[in-house]
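Presented below is the structure to which this report refers.
2 protein chains.
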Amino acid sequence: MHYFSSNFKLGILGGGQLGKMLLYPCRKWDIQTLVLDPSEVAPARLAAHEFHRGDLLDFDTVYNFGKQVHVLTIEIEHVNIEALLKLQREGVKVYPQPEALQTIGNKSIQKDHYAAHGIPTAPYQNFDSTSAAKAQTSSFPVVWKSAQGGYDGKGVKIIKSLADFDELPDVPCLVEAQIEFEKELAVIVASSTTGERMSYPVVAMDFHPEANQVEYVICPANITDQIAEEARTLAEKVAESLGVTGLLAVELFLGKDNKLYVNEVAPRPHNSGHYSLEASYTDQYEQHIRAILGLPLGNTESKVAAVMVNLVGDENHTGPVYYKGLEEAMKLKGVCPHIYGKSETKPFRKMGHITIIHPKIDTARKMAKHVKETLSVISK
Amino acid sequence: MHYFSSNFKLGILGGGQLGKMLLYPCRKWDIQTLVLDPSEVAPARLAAHEFHRGDLLDFDTVYNFGKQVHVLTIEIEHVNIEALLKLQREGVKVYPQPEALQTIGNKSIQKDHYAAHGIPTAPYQNFDSTSAAKAQTSSFPVVWKSAQGGYDGKGVKIIKSLADFDELPDVPCLVEAQIEFEKELAVIVASSTTGERMSYPVVAMDFHPEANQVEYVICPANITDQIAEEARTLAEKVAESLGVTGLLAVELFLGKDNKLYVNEVAPRPHNSGHYSLEASYTDQYEQHIRAILGLPLGNTESKVAAVMVNLVGDENHTGPVYYKGLEEAMKLKGVCPHIYGKSETKPFRKMGHITIIHPKIDTARKMAKHVKETLSVISK
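Sequences listed follow chains Y and U, in order.
In terms of our numbering, the first sequence opens at residue 11 and continues consecutively.
In terms of our numbering, the second sequence opens at residue 11 and continues consecutively.
Below, the structure is given as structure tokens:
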């Protein structure tokens, strides 16, 4: 099949910022795209050949959308997986595979998968309900995770005493040991339909303490070559074990014991890979498209060092967005803003990001700090 | 004025590949864009907020389009300049300035401008008609140029004998000495509304002998640091003298006498700057948008070396396009294709380009040769 300026059609479930950026290589290569999203003002509405408005969790909506394309992918995992399974049976190529989405979509099943494949992860126990977990937990702190529906820090809670359980929904869940870590790392792995598999360099993620969102992504991470190699090998093993085609972002803890533990995964382009648009020979969005179409994978190495700063809504502002200080921040050479196109800001809403590129990572870090101090996302 | 996710509107006259690539930073920054182009299937139709179909040379069409935007720019010089002058008088910001388009749009006036500003260029003489030129030309070879309407090798002819004049239209023209050159070079200069001005590194252009189109653009050019500095300084002087806001691409001859001569200029993103999308800290399209909106200019230096190969239609094929060998060429790491989205190929039609990036320019050149040999643009 030829993809370029042809009748080939790619479907994308989800039209947020990841969907918007997935459209970049599609425009560059003139690949026809259809986007499905519930929001009339989805960032990926513009630049898609067709935009369909609809519920990503509704069987008929996803199925009918998928029947119109040759290859179907996602930018968000919370989609109707039954519809994907049916589409796959009927010959639509669905990447990532719905079976992998099922494994990843339930944290208890995901943890069992790691255990079965000898993939290091924090010790855990699955429970049918939060109340059952409470009844069997005696040492603290531990981490409670809802089996389903968690993302961006939702569905995850650090439990310091039995009373903390009472604030949680009584749902199937797991309780895991809290890893004492030096750093949080991430590795993006690309796996092609052809069997080709490549990983990106290891990045370090600095989290914002309150919002539980990534504040800085740093590439390359300040770790030894040996740890970097171990992390990439481990991430590739995770991707292989899950049988995911396309991207898999693997979040890892580097423990104080100097060991690596898989934390969570996302089978799609990921916040930790935004930096690649400017810094990598092949950015993650293009790589995902290459992988799911069976095109040769591109070089994952970096041209320059990079730090990515998320632009999230100021916690005290809700309303029409204004990027205060953006033009000031752009005076620094190497400051590359991305504005997702959401007209309304809310506390901690992901509104954009800035990549700072420089030959030297230390300089990029200093610049990132300056950018962070200069810029705020407020309402007009 | 704030541009990001705001009511600000940018208009672009022309919806070809340069217009399409001008939309990339506009999508990235969520800047509202309106595109005017005569073709229903213009490459820049998709991803613009509004697409208007219309004649770029028609006064009313250009004027009415321009009245809807705050800033108006071009991706092609052949537009109705009277309409631009009226829009400018009525408060629309028009960049490049219509006065500069008038100077550049007539090659005789352009040459007179260089002479008046001490800018080195091939010795020339202006004529009211080709027949007058014929009557006064006695030594050969010389170069005949139509005063108006020439681009991409059209309107230019090397004259080896008096008989060659007879094949030409009898129009206002100039005759200039044929510079014996070592290399053809180009420098892109960005000039902001704020007065900030920056040039890109010097590139070398290798031309296809038959099509008179650029075959390879090589960055950095294989020239001495001194010549590179002279070329950038000269190009900046040209931009300043013309008073152009936005990009100005300056094509230069490096003579066998080791001197530089300005050949032609284009007040917009240019084929010789395509490489910047992958190789530069700030690509030419983003830089043009920064310049005309008065945003701080970005770093013009390169992250890596690059060679750009134009993908032009095979001379023996006309019809629905097929990019033969493209997937094979993509196996080389660092091969970055751009497909403009023209459904029909024609002999020598610009259908796309490929940028090859590598830390070493010599390796990039070898890869470019391989790509050129692997790929052809044919009809299905």
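Cβ atoms here follow ideal geometry from the backbone N, Cα and C, with glycine treated the same way.
For this session: Consider the Cβ of U/Ser353: report whether some Cβ of chain Y lies at a distance smaller than 8 Å.
Result: Start at 1 with the first residue of the second sequence, and residue 353 of chain U comes out as number 343. Yes, because at least one Cβ of chain Y sits closer than 8 Å to the Cβ of U/Ser353.
Problem set entry | Members of the segment 285–318 of chain Y near chain U, C-beta cut-off 7 Å | Tyr291, Leu305, Pro306, Gly308, Asn309, Lys313 and Val314
Exercise. My guess is that U/Ala315 and U/Ile237 are in contact by the Cβ rule of under 8 Å, so how many angstroms apart are they, rounded?
Worked result: Position 305 of the second sequence, counting from 1, holds the residue named residue 315 of chain U. Position 227 of the second sequence, counting from 1, holds the residue named residue 237 of chain U. Not really, about 18 Å apart at Cβ, beyond 8 Å.
Exercise. For U/Arg37, which option in Y/Ser386, Y/Ser202 and Y/His348 has the closest C-alpha, if you only look at C-alpha atoms?
Worked result: Translated into the one-based positions of the second sequence, residue 37 of chain U becomes position 27. Nearest of Y/Ser386, Y/Ser202 and Y/His348 to U/Arg37, Cα basis: Y/His348.
Exercise. Taking Cβ to Cβ, would you say Y/Gly76 is nearer than 8 Å to Y/Ala93?
Worked result: Numbered from its first residue, the first sequence carries residue 76 of chain Y at position 66. Numbered from its first residue, the first sequence carries residue 93 of chain Y at position 83. Going by beta carbons, Y/Gly76 and Y/Ala93 fall inside the 8 Å limit.
For this session: Kindly indicate the opening and closing residues of the alpha helix (DSSP H) around Y/Pro330.
Result: Translated into the one-based positions of the first sequence, residue 330 of chain Y becomes position 320. Y/Pro330 -> not in any alpha helix (DSSP H); beta strand (DSSP E) instead, spanning Gly329 to Lys334.
Problem set entry | Contact check, Y/Ile198 vs Y/Ala259, beta carbons under 8 Å | For this step, residue 198 of chain Y is matched to residue 188 along the first sequence. For this step, residue 259 of chain Y is matched to residue 249 along the first sequence. In contact: Y/Ile198 and Y/Ala259 (Cβ atoms closer than 8 Å).
For this session: For U/Val272, return the contacting residues in chain Y, with the cut-off set at a CB-CB distance below 9 Å.
Result: Taking the first residue of the second sequence as 1, we reach residue 272 of chain U at position 262. Chain Y residues near U/Val272: none, gap ~28 Å exceeds 9 Å.
For this session: Find the nearest neighbour of U/Val275 within the set U/Ser16, U/Glu250, U/Gln297 and U/Arg55, judged by alpha-carbon distance.
Result: Working through the second sequence from its first residue, we reach residue 275 of chain U at position 265. U/Val275 has its Cα closest to that of U/Glu250, out of U/Ser16, U/Glu250, U/Gln297 and U/Arg55.
For this session: State the DSSP-derived secondary structure class of Y/Phe14, mapped to helix, strand or coil.
Result: In the first sequence, residue 14 of chain Y corresponds to position 4, counting from 1. Correct three-state label for Y/Phe14: coil.
Problem set entry | Y/Met318 - containing beta strand (DSSP E), residue span | By 1-based counting over the first sequence, the position of residue 318 of chain Y is 308. Counting along the chain, the beta strand (DSSP E) containing Y/Met318 begins and ends at Ala315 to Val322.
For this session: Determine which residues of the segment 46–80 of chain U have a Cβ less than 9 Å from any Cβ of chain Y, and write them out in chain order.
Result: Pro53, Leu56, Ala57, Ala58 and His59
For this session: List the residues of chain U that Y/Pro347 touches, going by C-beta distances under 9 Å, in chain order.
Result: Sequence index remark: in the first sequence, residue 347 of chain Y carries index 337 (1-based). Phe14, Lys38 and Trp39, listed in chain order.
Problem set entry | Residues near Y/Tyr124 in its chain [Cβ-Cβ closer than 7 Å; skip 5 each side] | Against the first sequence, residue 124 of chain Y aligns to sequence position 114. For Y/Tyr124, where only same-chain residues beyond five positions count, the Cβ hits under 7 Å are Thr131 and Val272.
Exercise. By a C-beta neighbour count over all protein chains shown, 10 Å radius and 16 as the cutoff for buried, is Y/Lys170 buried or exposed?
Worked result: Numbered from its first residue, the first sequence carries residue 170 of chain Y at position 160. Its Cβ having fewer than 16 others within 10 Å, Y/Lys170 is exposed.
Exercise. Do you know how far the Cα of Y/Phe263 is from the Cα of Y/Leu172?
Worked result: The sequence position of residue 172 of chain Y within the first sequence is 162, counting from 1. The sequence position of residue 263 of chain Y within the first sequence is 253, counting from 1. For Y/Leu172 and Y/Phe263, the distance between alpha carbons rounds to 26 Å.
For this session: May I ask you to report which of helix, strand or coil DSSP gives U/Gln78?
Result: Counted from its first residue, the second sequence places residue 78 of chain U at position 68. Here U/Gln78 sits in coil by DSSP.
Exercise. Do the segment 298–316 of chain U and the segment 138–145 of chain U make contact, defined as three or more Cβ pairs closer than 8 Å?
Worked result: no
Exercise. Tell me which same chain residues have a C-beta within less than 7 Å of the C-beta of Y/Asp65, skipping the five on either side of it?
Worked result: In the first sequence, residue 65 of chain Y corresponds to position 55, counting from 1. Excluding positions up to five away in sequence, the list reads Pro48 and Thr71.
For this session: Pull up the distance between the alpha-carbon of U/Ser16 and that of U/Gln78, whole angstroms please.
Result: Taking the second sequence and counting its residues from 1, one reaches residue 16 of chain U at position 6. Taking the second sequence and counting its residues from 1, one reaches residue 78 of chain U at position 68. Going from the Cα of U/Ser16 to the Cα of U/Gln78 covers about 15 Å.
For this session: For chain U, find out if any of its Cβ atoms is closer than 8 Å to the Cβ of Y/Ala350; answer yes or no.
Result: By one-based count along the first sequence, residue 350 of chain Y stands at place 340. The question names Ala, but residue 350 of chain Y is Tyr in the sequence shown. Yes, contact with chain U.
Exercise. Among U/Glu206, U/Phe358 and U/Lys343, which residue has its Cα nearest to the Cα of U/Ile366?
Worked result: The residue given as residue 366 of chain U occupies position 356 in the second sequence. Measuring from the Cα of U/Ile366, the nearest candidate turns out to be U/Lys343.
For this session: Taking Y/Gly115 as part of the alpha helix (DSSP H), name the residues at either end of that continuous run.
Result: Counted from its first residue, the first sequence places residue 115 of chain Y at position 105. Counting along the chain, the alpha helix (DSSP H) containing Y/Gly115 begins and ends at Pro108 to Gly115.
For this session: Reducing DSSP to helix, strand and coil, say where U/Arg207 ends up.
Result: Within the second sequence, residue 207 of chain U is the residue found at index 197, counting from 1. It is a strand residue.
Exercise. Run through DSSP, which three-state label would Y/Gly29 get?
Worked result: Counting from 1 along the first sequence, the entry for residue 29 of chain Y is found at position 19. Of the three classes helix, strand and coil, the one that applies to Y/Gly29 here is helix, per DSSP.
Exercise. Based on the DSSP secondary-structure assignment, which residues constitute the bridge partners of U/Gln188?
Worked result: Residue mapping note: residue 188 of chain U aligns to position 178 of the second sequence, counting from 1. Answer is none; U/Gln188 lacks a bridge partner.
Exercise. For U/Leu307 versus U/Met208, is the C-beta spacing smaller than 8 Å?
Worked result: Position 297 of the second sequence, counted from the start, is the residue given in the question as residue 307 of chain U. Position 198 of the second sequence, counted from the start, is the residue given in the question as residue 208 of chain U. Yes, Cβ-Cβ distance for U/Leu307 and U/Met208 is below 8 Å.
Problem set entry | Partner residues on chain Y for U/Leu336, Cβ-Cβ distance less than 8 Å | Looking up residue 336 of chain U in the second sequence gives position 326. Residues of chain Y passing the Cβ test: Phe14.
For this session: Determine the burial state of Y/Ala126: buried for a count of at least 16 other Cβ atoms within 10 Å of its Cβ, exposed for fewer.
Result: As a first step, residue 126 of chain Y must be located in the first sequence, where it is residue number 116. That one is exposed.
Exercise. Taking 8 Å as the CB-CB limit, is U/Lys331 close to chain Y?
Worked result: As a position in the second sequence, residue 331 of chain U is number 321, starting the count at 1. It is Val, not Lys, that sits at residue 331 of chain U in the sequence shown. It does; some Cβ of chain Y falls within 8 Å.
For this session: Enumerate in chain order the residues of its own chain whose CB-to-CB distance from U/Glu325 is below 7 Å, with the five nearest sequence positions on each side excluded.
Result: Locating residue 325 of chain U in the second sequence gives position 315, counting from the first residue. Here the set comprises Pro357 and Phe358.
For this session: Counting only runs of 3+ residues fully inside the segment 241–315 of chain Y, write out the beta strand (DSSP E) ranges in chain order.
Result: Counting only runs of 3 or more, we get 256–265 and 270–276.
Problem set entry | the ligand GDP heavy atom lying under 7 Å from the CB of U/Glu338 | This structure lacks the ligand GDP; in fact it carries no ligand of any kind.
Exercise. Can you tell which of U/Ser282, U/Gln158, U/Lys379 and U/Pro179 has the C-alpha that lies nearest to the C-alpha of U/Val213?
Worked result: Taking the second sequence and counting its residues from 1, one reaches residue 213 of chain U at position 203. When each option's Cα is compared against that of U/Val213, the closest is U/Ser282.
Exercise. Residues of chain Y with CB under 7 Å from U/Ile237, in chain order?
Worked result: As a working mapping, residue 237 of chain U is identified with position 227 in the second sequence. In chain order: nothing, as chain Y lies at least about 25 Å away.
For this session: On the DSSP bridge assignment, give the partners of Y/Ile22 in chain order.
Result: On the first sequence, position 12 is the one that residue 22 of chain Y refers to. DSSP, once it has assigned bridges, lists Y/Val45 and Y/Thr83 as partnering Y/Ile22.
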